[in-house]
Amino acid sequence: MKLSLAPDGSIALESALVSLRGLRPVLNGEFLPGDPVTLRAEPAGEPKSILAQYAVPAGGTFTIEIALVGTGRCDLRCRVEDLPETVALDVFGLRFGAVENLRAFLRSGYTSWDGSQFIETPGGGGEEATGYALTQLLPRYGTGSVIVGFDRHDRFQQTFTVDARTAPPSLTILTHWDRKARGAGAPESERLVIFESGEVEEALREWARIVAAAAPVPPRFPAAPITGWCSWYNLYAAITEENVLEHLRGTAEVARREGLPMRVFQLDDGFTPEMGDWLDVRPQFPRGIKPLLDDIRAAGFVPGLWIAPFLVGNRSRLYREHPDWVVHDRQTGGPLAVMTFYGEFRWHKRSEEYYTLDATHPDALDYLRRVFHTWRHDWGCEYFKTDFMHFPTVFGPDRAAWHAPGRTRIAIWRGAAEMIREAIGDATWLGCGCPLWASVGLVDAIRIGRDVGVQWAGERSALSLLRDQELRGFANHILWESDPDCILLREQFHHLTDAELRSLAIYAGMAAGVVMTSDALHHLSADRLRLWKLVLSPRAAVCRFPLLGQVDDPVRVQVRTSRAAAPEWPAALFFFNTGDHPVQRMYSLAALGLPEPLYLYDWTARQPWPGPVSQIALTIAPHDGTLLFAGPDPITSAPDRLP
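Under our numbering, the letters of the sequence shown match residues 19 to 661, in that order.
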């Protein structure tokens, strides 16, 4: 990668893969007019650094500084100096008018649920898409990628918009200042890191390592693997003390009998009457929650609870008594509804609207602190699943009227999240519906996709898992432990075929992240229990997607390698045909990053391959997969766990 100046003075970042040209500053959504008033490139011939300053019509200066770091990377910062206080600062950043040789780009979502995907650029007539935190640019000609991403995420929300409606596409990168109080220093972006790589997935891992190194608080990981049982995907909101205890007894008995490494037993939503009334308990739990958590602990599990700390229902006692504790709508003056249920479906509550708890209100924050302290220290909760965590980050100051303005939406969120971590101490924390990147250093694990579903396609289906695990797995064990959501094991009350259910379970288990189920273990058949044993594997493993970036291929290829000193099976390979038609594929072990030759055992067919082999030829039925164990020596019997 190199820096260059065009004859008209415009700045370019040139790469053998994807080049970025025509840099212009953006302030509050508008380009700054005119050429730079100061343009300094050092050295002049082949610059290693460039400083460009632009006049702001309302007053002040917009400065862009770029510096090469090594041969394949450059760092960039923007700042706005001497901007009059009368000018509200919402966003600032830059735009590259031309992204050359671009085949596809990564639209990276912000939360657990908004997904990530590669979007192809057809060379005109494409689409405009906005992502967060970073983007990855794949070349039309050549292999590898270019990463463009910020190093810190605890203070600002940052967006990346690729407009592929014209050729070549443009790239706009913005920092959301959110009218933050400016204080003594000039508004300045975080460091934007741009580097080229011969890899796709490994380049994403390198960016994750940069984020980990820059985080003000080092990333956290659970002290022990998060495996176990969660009530939601079987009982949903219809939980009672009686049916929870029934599942507890069945889970404990099967776990002991089969030697299953299940650690957590978690109650999900359904034990509190309304969102916001977190210290009230429904009558279906006559003893309250503490005795039930004690029962869970006595059965040998870590007791866990679900909470949506920023959710306040309009029919909650909390809102009735403290209407000033929620974020208000600047346009209407009333409470700002982030989620509504006006029709027949009310999500097992009575509330029609859900508001955001105002974490800048000291009394509201004190209430939330008391809730978490009570759950942790009085009730004995040791595992917290916090949900709908993105609510405070949805709206900026144009809509959201906070009790105490002057901070960015991310600073408000981070302050409340830091309070939660302080209140729960060393308890394990899983963030769901959560800002992915602002959570680094606070949560132990994070959901990486939408809720699992009971069907292959549509809303709440398998499609989110198939998309998001592949494109978010790179951060697993670098920024947090990833949670693909609960694994379905039951043999009724869903619309999945046996092949689909088996393959989705293996696909999720291969991630080497969180492994939970909601199904009654004491009702499972021998085959389903064999599947559960398989995915409940040791976490000392790394899962790779060596063919990441092949956007059109319906086959997902996972390679999981053990980090143990002397594993019985060094690697497992899973080939998952997510398409609607049978496929034939051939892969060399070298292309999958494995030594050759290797012996293979087909777990799905329960038989060894004649070997050893240097390449793998497969025919895979639609929505089905093949799991192979690989090692340097013959494998003659079926392994019951992944390496």
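C-beta: ideal position from N, C-alpha, C; glycine also. Predicted, not measured: the structure shown is a model, and the values here were computed from it.
- Burial state of E488 is buried, judged by a 10 Å Cβ sphere holding 16 or more other Cβ atoms.
- Counting along the chain, Q602 sits inside the beta strand (DSSP E) bounded by residues V601 to S606.
- Distances from the alpha-carbon of P341 to those of G294, L311 and G318 put G294 closest.
- The continuous stretches of beta strand (DSSP E) do not include P309, which lies in the alpha helix (DSSP H) extending over residues K308 to A316.
- Beta-bridge analysis with DSSP links E60 to S67.
- For W247, the uninterrupted beta strand (DSSP E) run begins and ends at T245 to C248, by DSSP.
- For R125, the beta-bridge partners assigned by DSSP are Q135.
- Per DSSP, the unbroken beta strand (DSSP E) holding G649 starts and ends at D642 to G649.
- Setting aside the 5 residues that flank it on each side, S22 is surrounded in the same chain by A30 and E32, each with a C-beta closer than 7 Å to its C-beta; the list follows chain order.
- Distance from the CA atom of T637 to the CA atom of G277, rounded to whole angstroms, is 35 Å.
- Fully enclosed beta strand (DSSP E) runs of no fewer than 3 residues occupy 463 to 465 of the region 451 to 481, in order along the chain.
- Check the Cα spacing between P321 and each of A270, R97, E224 and I653: the tightest is with A270.
- With contacts defined as CB atoms closer than 8 Å, T404 and C450 qualify as a contacting pair.
- Look at the region 307 to 392 and you find these whole runs of alpha helix (DSSP H), each 4 residues long or longer: 308 to 316, 335 to 339 and 380 to 391.
- Leaving aside the five residues that flank R417 on each side, the residues in its chain whose CB is nearer than 7 Å to its CB run, in chain order, D347, R348, Q349 and L354.
- Using a Cβ-Cβ distance cut-off of 8 Å, the region 561 to 569 and the region 637 to 648 are not in contact, since fewer than three pairs of beta carbons, one from each stretch, lie closer than that value.
- When Cβ pairs closer than 8 Å are counted between the two stretches, the region 243 to 261 is seen not to touch the region 208 to 220, the count staying below three.
- For the pair I82 and D53, the Cα-to-Cα distance works out to about 13 Å.
- Under the three-state reduction of DSSP, T515 is assigned to coil, being neither helix nor strand.
- Taking C-beta separations shorter than 6 Å and ignoring five residues to either side along the sequence, the partners of L329 in its chain run M293, Y372 and F406, following chain order.
- A Cβ-Cβ contact shorter than 8 Å links L155 with L120.
- Counting only the Cα atoms, G78 lies some 7 Å from V98.
- As the crow flies, the alpha-carbon of H171 is around 32 Å from that of F359.
- Rounded to the nearest whole angstrom, the CA to CA distance from E224 to D537 is 37 Å.
- Put simply, the backbone Cα of K20 is about 12 Å away from that of A59.
- In this model, D100 and W343 are separated by some 35 Å (Cα to Cα).
- Beta bridge pairing from DSSP links L222 with no other residue.
- Cβ-Cβ distances below 7 Å link W393 to L323 and C399 in the same chain, with the five nearest sequence neighbours on each side left out; the list follows chain order.
- The shortest CA-to-CA distance from T644 to any of A517, F593 and D313 is the one to F593.
- A residue is called buried when at least 16 other Cβ atoms come within 10 angstroms of its Cβ; Y254 does not meet this threshold and is exposed.
- For F49, the secondary structure class from DSSP, reduced to helix, strand or coil, is strand.
- In this structure V180 is not in contact with P186, their Cβ atoms being roughly 11 Å apart against a cut-off of 8 Å.
- Of the candidates L610, I325, V282 and D658, V282 places its Cα closest to the Cα of R315.
- Below 8 Å, too few C-beta pairs join the region 142 to 159 and the region 197 to 207 to call them touching: fewer than three.
- M437: member of the alpha helix (DSSP H) spanning R427 to I442, first to last residue.
- Cα atoms of R113 and R42: separation of roughly 5 Å, rounded to the nearest angstrom.
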